[in-house]
Amino acid sequence: MTTELPLADGPPPRERADAARNRAKVLAAAERLFASGDPAAVTMDDIARAAGIGRGTLYRRYPDRASIARALLDEHEHALQERLLRGAPPLGPGETEESGPAPAERLAAFYAAMVELLETHVHLVLGAETGEARYRTGAHAFWRLHVAHLVREAGRPDPEVLADQLLAPLAPELFRHQRERGITPERIAAGLAVLARGVLG
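This note's numbering applies: residue 837 is where the sequence shown begins, and numbers increase by one.
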């Protein structure tokens, strides 16, 4: 896959020391709150209180709760994107597409990596990507591009539609529901691998 990660236009502006401290407090407080219960129940006031900063200070940097969750998720999602583009097969493409892993195996590996990410960070994903908001994130657009590419490589019809359908089982609400029913991450990944091989194999 030749798609490149979006690159920033030059280095980011230097952050003031007090702003950096406040950002670190906000992210640490939000991580604790999102992990401690229902992420949807966490309010901006809760985060400001837990971080020990004023609401105005919080809102100047983050307009809403989802933007805070996205900031926490960014690092983990960018690491996975890098592995998809340049990592070892079957998750990555290998030396060339002709000699690399089959699309079904790459999709199964992607599913396994996403299950691992959800197992560790589902509280953040729920905070950042609930409902329609999920489809407007840069990460979702990247996952969709990757899966559509695998669908095309496998020669399946209508990759735009099929990519959405193949991503649907990764909804964080479904993952949490399955985990609450006692289904292990290994079983979830194994089921998704069956789906990947059934559709693209």
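Yeah, the Cβ is synthetic: ideal placement off N, Cα and C, and Gly gets one too.
Please read these numbers as outputs of a predicted model, since none were measured by experiment.
8 Å Cβ cutoff met for residue i and residue j
i, j, result
"Arg-891", "Asp-900", "no"
"His-959", "Leu-920", "no"
"Arg-896", "Arg-859", "no"
"Arg-868", "Ala-856", "no"
"Pro-939", "Ala-990", "yes"
"Ile-883", "Ile-904", "yes"
"His-912", "His-957", "yes"
Where residue i sits in the DSSP three-state scheme
i, result
"Arg-901", "helix"
"Gly-936", "coil"
"Thr-973", "coil"
"Gly-1018", "coil"
"Gly-846", "The predicted model places Gly-846 with a pLDDT of 45, which falls under 50 and marks its position as unreliable, so this point remains unresolved."
"Pro-925", "coil"
"Gly-892", "helix"
"Arg-992", "coil"
"Gly-963", "helix"
"Ala-944", "helix"
"Glu-918", "helix"
"Glu-931", "coil"
8 Å CB neighbourhood of residue i in its chain, flanking five on each side removed
i, result
"Thr-838", "Residue confidence for Thr-838 is low, a pLDDT of 42 falling below 50, so the modelled location carries little weight and cannot support an answer."
"Ala-915", "none"
"Leu-1031", "Tyr-947, Leu-1002 and Pro-1005"
Bounding residues of the alpha helix (DSSP H) (the contiguous stretch that carries residue i)
i, result
"Ile-1024", "1021 to 1036"
"Leu-869", "853 to 872"
"Asp-882", "880 to 887"
Neighbourhood of residue i by C-beta distance below 7 Å, restricted to the same chain and skipping five residues each side
i, result
"Arg-988", "Pro-995"
"Leu-1010", "none"
Beta-carbon contacts of residue i that lie in its chain and below 6 Å, excluding the five residues immediately before and after
i, result
"Leu-909", "Leu-960 and Ala-964"
"Arg-906", "Ala-964"
"Ala-853", "none"
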